[in-house]
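Q: Just so you know, we're using the working numbering here: the sequence shown kicks off at 3 and counts up by one.
We treat Cβ as the ideally placed atom computed from N, Cα and C, and that holds for glycine.
One structure, pasted below without further comment.
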Amino acid sequence: MVKYAEVLQSNSKFFSTKAASNLTAVFVGATQGIGLGALRAFAKHTSGSSPSIYIVGRSQKTLDKLTSDISVLNASAKIYPIHANDLTLVKDAQMAANEIASHAQKVDFLIMSPGYVSTGRVESPEGLDRVQSIRFYARMRFLDTLAPLLQKSSSPHVVSVLGAGTEGKIWDDDLLLKDHYSLAAAAGAAGSMKALYLEEFSKQPGNDRISLVHTFPGIVGGTGLRVEGVPWFLQPLLDWVAMPLMKLFGATIEQVGERTLYAATSEKLPARSNKSDLAAKGSDGNVGSGFYLLGQDSEPIPGNKQLEELRSEGLGPKVWEHTNEVFAKVEKM
Numbered sequence: 003m004v005k006y007a008e009v010l011q012s013n014s015k016f017f018s019t020k021a022a023s024n025l026t027a028v029f030v031g032a033t034q035g036i037g038l039g040a041l042r043a044f045a046k047h048t049s050g051s052s053p054s055i056y057i058v059g060r061s062q063k064t065l066d067k068l069t070s071d072i073s074v075l076n077a078s079a080k081i082y083p084i085h086a087n088d089l090t091l092v093k094d095a096q097m098a099a100n101e102i103a104s105h106a107q108k109v110d111f112l113i114m115s116p117g118y119v120s121t122g123r124v125e126s127p128e129g130l131d132r133v134q135s136i137r138f139y140a141r142m143r144f145l146d147t148l149a150p151l152l153q154k155s156s157s158p159h160v161v162s163v164l165g166a167g168t169e170g171k172i173w174d175d176d177l178l179l180k181d182h183y184s185l186a187a188a189a190g191a192a193g194s195m196k197a198l199y200l201e202e203f204s205k206q207p208g209n210d211r212i213s214l215v216h217t218f219p220g221i222v223g224g225t226g227l228r229v230e231g232v233p234w235f236l237q238p239l240l241d242w243v244a245m246p247l248m249k250l251f252g253a254t255i256e257q258v259g260e261r262t263l264y265a266a267t268s269e270k271l272p273a274r275s276n277k278s279d280l281a282a283k284g285s286d287g288n289v290g291s292g293f294y295l296l297g298q299d300s301e302p303i304p305g306n307k308q309l310e311e312l313r314s315e316g317l318g319p320k321v322w323e324h325t326n327e328v329f330a331k332v333e334k335m
């Protein structure tokens, strides 16, 4: 376990170096919850270092208030609020990413944490389940679009916060989960598709310089987690029992925000092209593979039987091809 004191020490060490000057960071889903915790931690650590911060959110009013709040934390920061109507739509994610690309010269950090839970499959106009889209497709669209700017960074890092280590079954004839949807199946499939996609992404020319991390935050209180499709008589249990218990026994958004930054700055999680004696084992069990799964204690999860099985079935290239086909289809809509 990486103790919280170690996390803070590691973050302080990184942000006290010259490498922390004039950083450009993109936060997707940072208007509340874990993303907000990471955003605040980044603003605090880079005070006086003139960072450029792009904040993607769906509420312009919330973005305006957040811009003001972050300016108080870090007066040296240049803050760019990016409005995205609906991050369950790949097209809206694409528009937001394009807006960032039109302003930024480089991207050093891309931190993504949007999401919610639904008890049933709700299809968007793009033909995708909305939950799977915000967990996987929309996030990967941000990554794919911003990859050229990440490649311009001297040390680019990408962190996706969701369910690392909980990868599950994928049906190669039903990647859209039209026939196999359930809460558990959707969560497992999103994790596996993300892992396989990022492994393939890392193999593409220039991307071996990008450190890629998928984290599992564990139980976190005060995130404002949305659960849709719950029967009316069960909603009070969520509102008055589950949520308060999460706040009582879970980590705070400030703690998980610091752990999210740790995932983006730790020397143990280098890009595939950066050789390091400190490198941890990546998702494929190889040291310094460039893509890492982190548990709620910020320890790397080396290897994964579920992913090994999916790789042996050739699902990595299939997920890569399927995802790019979805992107191409949506772009034509």
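(1) Could you spell out the range, first to last residue, of the beta strand (DSSP E) harbouring residue 15?
(2) Provide the residue(s) that pair with residue 59 in DSSP beta bridges, ordered along the chain.
(3) Contact check, residue 106 vs residue 54 under 8 angstroms by CB: the rounded distance?
(4) Between 129, 194, 299, 264, which has its C-alpha nearest residue 285's C-alpha?
(5) Mind checking who residue 29 pairs with in its DSSP beta bridge?
(6) I'd like the span of the beta strand (DSSP E) that includes residue 294, first residue to last.
(7) Suppose you measure from the CA of residue 234 to the CA of residue 316; what does that come to, to the nearest Å?
(8) Pull up the distance between the alpha-carbon of residue 325 and that of residue 178, whole angstroms please.
(9) So residue 109 packs on residue 158, CB below 8 angstroms; how close in whole Å?
(10) Alpha carbon to alpha carbon, what distance is there between residue 142 and residue 323?
(11) Mapping the DSSP letters down to three states, classify residue 182 as helix, strand or coil.
(12) Might you give, ordered along the chain, the residues of its own chain that have their beta carbon closer than 8 angstroms to the beta carbon of residue 319, omitting 5 neighbours on each side?
(13) Answer with buried or exposed for residue 282, where buried requires no fewer than 16 other C-beta atoms within 10 angstroms of its C-beta.
(14) Would you be able to state if there are at least three C-beta pairs under 8 angstroms between the stretch 294 to 303 and the stretch 160 to 167?
(15) How is residue 2 classed by DSSP in three states: helix, strand or coil?
(16) Indicate the three-state DSSP secondary structure (helix, strand or coil) for residue 161 in the structure shown.
(17) Please list the terminal residues of the continuous alpha helix (DSSP H) segment that includes residue 325.
(18) Residue 302 bridges to which residues according to DSSP?
(19) At the level of alpha carbons, what is the spacing between residue 51 and residue 24?
(20) Taking the C-alpha atoms as reference points, what is the distance between residue 170 and residue 115?
(21) Which residue wins for smallest C-alpha separation from residue 145, given the options 122, 206, 190, 5?
(22) For residue 232 and residue 197, what's the separation of their Cα atoms in angstroms?
(23) Which same chain residues end up closer than 6 angstroms to residue 243 when comparing Cβ atoms and leaving out the 5 residues on each side of it in sequence?
(24) Is residue 131 helix, strand or coil when you go by DSSP?
(25) On a Cα-Cα basis, can you pick out the residue from 40, 123, 137 that is closest to residue 92?
(26) Can you list, in chain order, the residues of its chain whose CB lies under 6 angstroms from that of residue 83, leaving out five sequence neighbours each side?
A: The relevant details are as follows:
(1) On the sequence shown, position 13 is the one that residue 15 refers to. That residue, residue 15, is in no beta strand (DSSP E); its alpha helix (DSSP H) goes 6 to 17.
(2) Numbered from its first residue, the sequence shown carries residue 59 at position 57. Bridge partners of residue 59: 85.
(3) On the sequence shown, residue 106 is found 104 positions in, with the first residue counted as 1. On the sequence shown, residue 54 is found 52 positions in, with the first residue counted as 1. Confirmed, about 7 angstroms.
(4) Here residue 285 refers to the residue found at position 283 when the sequence shown is read from its first residue. Checking every option, the nearest Cα to that of residue 285 belongs to 194.
(5) What you label residue 29 is simply residue 27 of the sequence shown in a count that begins at 1. 57, 113.
(6) Counting from 1 along the sequence shown, the entry for residue 294 is found at position 292. Note, residue 294: beta strand (DSSP E), 293 to 296.
(7) Locating residue 234 in the sequence shown gives position 232, where the first residue counts as 1. Locating residue 316 in the sequence shown gives position 314, where the first residue counts as 1. Low per-residue confidence applies at residue 234: pLDDT is 49, beneath 50, and the placement is therefore not dependable, though the value from the model is reported in the following sentence. One C-alpha to the other measures close to 42 angstroms.
(8) Walking along the sequence shown from the start, residue 325 turns up at place 323. Walking along the sequence shown from the start, residue 178 turns up at place 176. Roughly 10 angstroms between the two C-alpha positions.
(9) To locate residue 109, count along the sequence shown from 1; it is residue 107. To locate residue 158, count along the sequence shown from 1; it is residue 156. At roughly 7 angstroms, the Cβ-Cβ gap stays under 8 angstroms, so residue 109 and residue 158 are in contact.
(10) Translated into the one-based positions of the sequence shown, residue 323 becomes position 321. Translated into the one-based positions of the sequence shown, residue 142 becomes position 140. So the alpha carbons of these two residues sit roughly 13 angstroms apart.
(11) Within the sequence shown, numbered from 1, the residue matching residue 182 stands at position 180. Of the three classes helix, strand and coil, the one that applies to residue 182 here is coil, per DSSP.
(12) Your numbering for residue 319 matches position 317 in the sequence shown. Excluding positions up to five away in sequence, the list reads 202.
(13) Start at 1 with the first residue of the sequence shown, and residue 282 comes out as number 280. So residue 282 counts as buried.
(14) yes
(15) With the chain running from 3 to 335 in the structure shown, residue 2 is simply not present.
(16) Sequence index remark: in the sequence shown, residue 161 carries index 159 (1-based). Reduced to three states, the DSSP call for residue 161 is strand.
(17) Along the sequence shown, one-based indexing puts residue 325 at 323. Its alpha helix (DSSP H) spans residues 317 to 334.
(18) In the sequence shown, residue 302 corresponds to position 300, counting from 1. Paired residues: 296.
(19) As a working note, residue 51 is residue 49 in the sequence shown. As a working note, residue 24 is residue 22 in the sequence shown. For residue 51 and residue 24, the distance between alpha carbons rounds to 6 angstroms.
(20) For the purposes of this step, residue 170 is taken as the residue at position 168 of the sequence shown. For the purposes of this step, residue 115 is taken as the residue at position 113 of the sequence shown. Spanning the two alpha carbons is a distance of roughly 20 angstroms.
(21) As a working note, residue 145 is residue 143 in the sequence shown. Nearest C-alpha to residue 145: 206.
(22) Within the sequence shown, numbered from 1, the residue matching residue 232 stands at position 230. Within the sequence shown, numbered from 1, the residue matching residue 197 stands at position 195. For residue 232, the predicted model reports a pLDDT of 49, less than 50, meaning its position is unreliable; a value from the coordinates is still stated below. For residue 232 and residue 197, the distance between alpha carbons rounds to 29 angstroms.
(23) As a working note, residue 243 is residue 241 in the sequence shown. For residue 243, the predicted model reports a pLDDT of 49, less than 50, meaning its position is unreliable and no value from the coordinates is stated.
(24) As a working note, residue 131 is residue 129 in the sequence shown. Strand at residue 131.
(25) One-based indexing of the sequence shown puts residue 92 at position 90. Residue 92 has its Cα closest to that of 137, out of 40, 123, 137.
(26) Within the sequence shown, residue 83 is the residue found at index 81, counting from 1. Excluding residues within five positions, the ones whose Cβ falls inside 6 angstroms are 57, 65, 69.
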